[in-house]
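Per our numbering, the very first residue in the sequence shown carries number 1; after that it's consecutive. The structure under discussion appears below in the form of structure tokens.
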Amino acid sequence: MSLSSRCVPGTVSNPVCIFCEAVTVPILQTGERSPEQLADLHRALRAEPGSDLRSCLEMLLLLLFLLLLLPPLAVLWQRQPQDVRLSWLVGLQHRVAAATLCWAAAWQRRRLEQSTLHAGQSQQQALRWCLQGARGPHSPLRETTDISTFRNHLPLTKASQAQEEENEGQLLPSTSPQYYREASLQATLLGLAALNKAYPDVLAPGGTACVTPMSPWPHPLPWPWPALGQVSAPGAKHPGVLLLKALRSPGLRALEAGTAAELLDVFSGLEADVEELAEAIAAGNPGPPLPRRAAELREALEQGSRGLALRLWPKLQVVVTLDAGGQAEAVAALGALWCQGLAFFSPAYAASGGVVGLNLWPEQPGGLYLLPPGAPLIELLPVKEGAQEEAASPVLLAEAQKGEEYELVLTDNTSLTRCCLGDVVQVVGAYNQCPVVRFVRRLGQALSVRGEDIREDMFSEALGRAVRQWPGAKLLDHSCVESSILDSSEGSAPHYEVFVALRGLRNLSEENRDKLDHCLQEVSPRYKSLRFWGSVGPARVHLVAQGAFRELRAALAACRSSPFPPEMPRVLRHRHLAQCLQRRVVS
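Shown next as structure tokens:
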């Protein structure tokens with residue numbers, strides 16, 4: 001099975017198009033490559049570096065040639081209008097930045113190819129790095145690289161246990177700065193290459209803008225990023241300033257945000273503050289006055305939410321956000337309303353311990369991630385039902401089986417903590433000897449008041465079914481609370497308190513509220529049995545005001561133990577967080 005095909009090498013007029021030849025990554029079924037295919041691959045790898053090197057040498061020779069011609073050109077330069085000179089400099093800077101990223105992406109691709117061809121050896125090397133950086137009681141393990149000895153000395157730690165220990169503010173294992181930088185740089189460079197291959201005009205000058213303080217790219221690129229068309233200034237942090245700069249640029253081809261949930265807040269704020277933003281653009285704050293653009297903004301908002309992004313930026317092709325858990329609902333809401341007709345791309349799957357997955361297939365919906373074999377060390381714990389769960393043993397990447405579900409296990413190379421992240425993935429294919437996975441759910445986001453264990457994906461399915469039965473309603477966000485957190489089950493059976501943000505429905509009837517409970521019984525026989533015997537009460541649904549979940553995210557970000565990148569919790573375990581939503585209930 002191949003999810004991306006090889007570009008035909010040829011002459012390219014735009015240096016950025018070299019990316020098409022820099023990274024090509026087909027997904028294969030486990031064991032699909034024959035010895036002849038591997039030999040062809042090795043020959044290709046030996047041939048391609050020369051092509052990449054020639055491209056870079058050509059660029060260097062061009063620069064040298066320009067330097068030799070600098071004195072006579074200086075005279076002609078002074079005779080040219082200022083706008084012509086500025087345009088030429090911008091074009092030159094863009095070409096140099098594109099050639100630099102081309103070379104860096106090709107180098108990272110070769111590293112990835114070699115490491116995934118020998119996943120077992122690569123993970124042994126990652127283990128050696130972890131042990132060499134060990135401190136504290138486990139430092140004697142530095143003398144061994146045996147995976148069995150490593151596992152015997154270091155028991156698994158559940159993410160739920162780590163989350164209870166908020167005294168130090170670090171929830172999950174933190175990768176060392178060196179290894180985090182390497183993994184995040186690889187994810188950024190390969191993601192940029194894959195994105196430009198799928199959407200060749202994205203990196204054109206003035207083609208990209210980020211509207212949130214946090215970038216979706218795991219590693220910052222301070223020099224080449226502005227040269228490759230980033231509209232927003234890298235140092236700008238105020239969301240209003242970032243949004244204004246994006247609104248002033250009608251030619252955007254890619255819209256970026258830290259996460260899909262943050263982008264949801266941006267569009268909600270845009271609709272609420274449209275007059276203020278339009279007046280700022282018309283008055284020239286910041287930049288020169290653009291009264292025509294301000295009129296276009298007002299006209300686009302008057303036509304409603306659906307398809308707003310394409311009305312504001314007619315050339316827009318893709319929305320780039322970072323997948324950090326709990327973002328699928330926001331992506332669905334954006335795709336159904338503001339960003340209708342646009343593709344979504346997440347360059348990596350990130351956890352508190354660092355980058356754990358690379359997305360090299362922008363054209364694939366839903367997000368597919370390659371689990372790389374380098375640092376941090378990743379293991380896969382098979383997810384079994386019932387009593388078999390405790391007997392499961394973790395496996396290395398090369399041992400993963402297609403179709404199976406696994407929980408990600410990450411090892412901290414500083415304190416040597418083997419932590420189960422709680423993120424469950426399903427193997428859908430393989431790239432060389434490494435699995436390609438899709439995100440399924442988070443184990444820590446299950447509901448259980450009587451041992452029924454309603455999983456995150458199960459509850460989302462039930463809620464989606466219920467919302468489709470609510471006339472005109474579009475689900476924007478939701479979170480759940482077990483009744484014991486809010487002490488709301490006094491005199492009644494324990495139950496779920498469900499807070500939802502909707503578009504298109506201002507009031508929930510009792511009939512509509514009951515539909516969620518019926519849908520939960522359809523997806524969970526255990527829940528249906530408990531409801532029949534009265535051991536569990538009906539789920540109570542509350543509609544919250546606009547901006548309620550934005551306040552919740554602000555409260556989460558203010559917590560000293562807040563993970564980075566930020567995840568969107570679907571089950572709240574702390575009273576003060578649940579009360580953030582409870583105070584904003586309107587129906």
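All residues carry an ideal CB built from backbone N, CA and C; glycine is no exception.
Three-way DSSP call (helix, strand, coil) for R111 in this model: Position 111 of the sequence shown, counted from the first residue, corresponds to residue 111. Three-state result, R111: helix.
So, is F532 buried or exposed, given that buried needs 16 or more other C-beta atoms within 10 angstroms? Translated into the one-based positions of the sequence shown, residue 532 becomes position 532. Burial check for F532: the Cβ neighbour count within 10 Å stays below 16, so the residue is exposed.
According to DSSP, is M568 helix, strand or coil? Position 568 of the sequence shown, counting from 1, holds the residue named residue 568. Three-state result, M568: coil.
Name the residue from V424, Q132 and G284 whose alpha carbon lies nearest to the alpha carbon of Y406. To locate residue 406, count along the sequence shown from 1; it is residue 406. The shortest Cα separation from Y406 among V424, Q132 and G284 belongs to V424.
Taking the alpha-carbon positions, what's the K237 to K245 distance? Along the sequence shown, read from residue 1 onward, the residue named residue 237 stands at position 237. Along the sequence shown, read from residue 1 onward, the residue named residue 245 stands at position 245. Going from the Cα of K237 to the Cα of K245 covers about 12 Å.
Return the Cβ separation of T411 and P376 in integer angstroms, given the expectation that the two are a contact with Cβ distance under 8 Å. The residue given as residue 411 occupies position 411 in the sequence shown. The residue given as residue 376 occupies position 376 in the sequence shown. That pair is a contact at about 6 Å.
Confirm, please, whether the CB-CB distance from A282 to E288 is below 7 Å. Start at 1 with the first residue of the sequence shown, and residue 288 comes out as number 288. Start at 1 with the first residue of the sequence shown, and residue 282 comes out as number 282. It is worth fixing the name first, because residue 288 is Pro in this sequence and not Glu. The answer is no: Cβ separation not under 7 Å.
Leaving out five residues on either side along the sequence, give the residues of the same chain with a beta carbon under 6 Å from the beta carbon of R573. As a position in the sequence shown, residue 573 is number 573, starting the count at 1. Here the set comprises nothing.
Taking the C-alpha atoms as reference points, what is the distance between M458 and G284? Within the sequence shown, residue 458 is the residue found at index 458, counting from 1. Within the sequence shown, residue 284 is the residue found at index 284, counting from 1. Cα-Cα distance, rounded: 49 Å.
Find out if the Cβ-Cβ distance for the pair L242, V211 is shorter than 7 Å. Here residue 242 is taken as the residue at index 242 of the sequence shown, counted from 1. Here residue 211 is taken as the residue at index 211 of the sequence shown, counted from 1. A contact, by the Cβ cut-off of 7 Å.
Can you list, in chain order, the residues of its chain whose CB lies under 7 Å from that of R450, leaving out five sequence neighbours each side? In the sequence shown, the residue the question calls residue 450 occupies position 450. So the list reads P494, L530, S535 and V536, once near-sequence residues are dropped.
Relative to the alpha-carbon of T321, which residue among H478, A462 and P213 has its alpha-carbon at the smallest distance? Taking the sequence shown and counting its residues from 1, the one referred to as residue 321 is at position 321. The shortest C-alpha separation from T321 is found at P213.
Tell me the rounded alpha-carbon separation between A309 and W338. By 1-based counting over the sequence shown, the position of residue 309 is 309. By 1-based counting over the sequence shown, the position of residue 338 is 338. Those two C-alpha atoms are separated by around 6 Å.
Using 8 Å as the threshold, is the segment 341–350 in touch with the segment 312–328, meaning 3 or more CB pairs across them? yes
What is the DSSP secondary structure of L41, reduced to helix, strand or coil? One-based indexing of the sequence shown puts residue 41 at position 41. Since pLDDT at L41 reaches only 40, below the 50 mark, its modelled position is unreliable, and the value read off the structure follows with that caveat. Here L41 sits in helix by DSSP.
Buried versus exposed, by CB contacts within 10 Å (16 or more), T188: Residue 188 sits at position 188 when you count from the first residue of the sequence shown. Classification of T188: buried, given that the 10 Å Cβ count is 16 or more.
Is it a yes or a no for the segment 508–525 touching the segment 545–560, going by three-plus beta-carbon pairs under 8 Å? no
Buried or exposed for T149, going by 16 or more other Cβ atoms inside 10 Å? Working through the sequence shown from its first residue, we reach residue 149 at position 149. Exposed.
Hey, how far is the Cα of T100 from the Cα of P314? By one-based count along the sequence shown, residue 100 stands at place 100. By one-based count along the sequence shown, residue 314 stands at place 314. Whole-angstrom Cα-Cα distance: 30 Å.
Apply the 10 Å Cβ neighbour rule to Q327 and answer buried if 16 or more other Cβ atoms are within range, or exposed otherwise. Within the sequence shown, the letter at position 327 stands for residue 327. Its Cβ being crowded by 16 or more others within 10 Å, Q327 is buried.
At the level of alpha carbons, what is the spacing between K402 and S489? For the purposes of this step, residue 402 is taken as the residue at position 402 of the sequence shown. For the purposes of this step, residue 489 is taken as the residue at position 489 of the sequence shown. Spanning the two alpha carbons is a distance of roughly 43 Å.
Which residues in the same chain as E567 place their Cβ atom closer than 6 Å to its Cβ, once the five residues preceding and following it in sequence are excluded? What you label residue 567 is simply residue 567 of the sequence shown in a count that begins at 1. Within the same chain, E567 has close Cβ partners A324, G325 and G326.
Out of curiosity, what's the CA-to-CA distance linking R46 and L255? Taking the sequence shown and counting its residues from 1, one reaches residue 46 at position 46. Taking the sequence shown and counting its residues from 1, one reaches residue 255 at position 255. Model confidence at R46 stands at a pLDDT of 39, short of 50, so the residue's coordinates are unreliable; what they give is reported in the following sentence. Going from the Cα of R46 to the Cα of L255 covers about 37 Å.
Please list, in chain order, all residues of the same chain as P435 whose beta carbon is under 7 Å from its beta carbon, the five residues on each side excluded. Here residue 435 is taken as the residue at index 435 of the sequence shown, counted from 1. Correct list, in chain order: L371, L397, A400 and V427.
How far does the beta strand (DSSP E) with H478 in it extend, from its first residue to its last? Position 478 of the sequence shown holds residue 478. K474 to E482 is the span of the beta strand (DSSP E), which, as asked, contains H478.
Give the secondary structure of Y199 by DSSP, where H, G and I count as helix, E and B as strand, and everything else as coil. Taking the sequence shown and counting its residues from 1, the one referred to as residue 199 is at position 199. Correct three-state label for Y199: coil.
Backbone CA spacing between A295 and D265 [nearest angstrom]: Counting from 1 along the sequence shown, the entry for residue 295 is found at position 295. Counting from 1 along the sequence shown, the entry for residue 265 is found at position 265. Whole-angstrom Cα-Cα distance: 23 Å.
Since C419 is in the beta strand (DSSP E), which residue starts that stretch and which ends it? To locate residue 419, count along the sequence shown from 1; it is residue 419. Going by DSSP, C419 is part of the beta strand (DSSP E) stretching over R418 to Y431.
When you compare the CB positions of L443 and G422, do they come within less than 7 Å of one another, or not? What you label residue 443 is simply residue 443 of the sequence shown in a count that begins at 1. What you label residue 422 is simply residue 422 of the sequence shown in a count that begins at 1. Cβ distance < 7 Å, so L443 and G422 count as in contact.
DSSP on E299, reduced to helix/strand/coil? As a working note, residue 299 is residue 299 in the sequence shown. Note: E299 maps to helix in three-state DSSP.
Report yes or no: do the segment 577–587 and the segment 479–486 share at least 3 C-beta pairs separated by less than 8 Å? Counting C-beta pairs closer than 8 Å gives three or more between the segment 577–587 and the segment 479–486, which meets the contact rule.
Quick one: Cα of V440 to Cα of N152, how far? On the sequence shown, position 440 is the one that residue 440 refers to. On the sequence shown, position 152 is the one that residue 152 refers to. Straight across, the Cα-Cα distance linking V440 with N152 is about 29 Å.
So for K515, helix, strand or coil by DSSP? Indexing the sequence shown from 1 puts residue 515 at position 515. Helix, per DSSP.
Which residues share a DSSP beta bridge with P435? Within the sequence shown, numbered from 1, the residue matching residue 435 stands at position 435. Paired residues: A430.
In whole angstroms, give me the CA-to-CA distance for L475 and R306. On the sequence shown, residue 475 is found 475 positions in, with the first residue counted as 1. On the sequence shown, residue 306 is found 306 positions in, with the first residue counted as 1. Between L475 and R306, the C-alpha separation is close to 14 Å.
Alpha helix (DSSP H) containing T149: first to last residue? Along the sequence shown, one-based indexing puts residue 149 at 149. Per DSSP, T149 belongs to the alpha helix (DSSP H) from I147 to H153.
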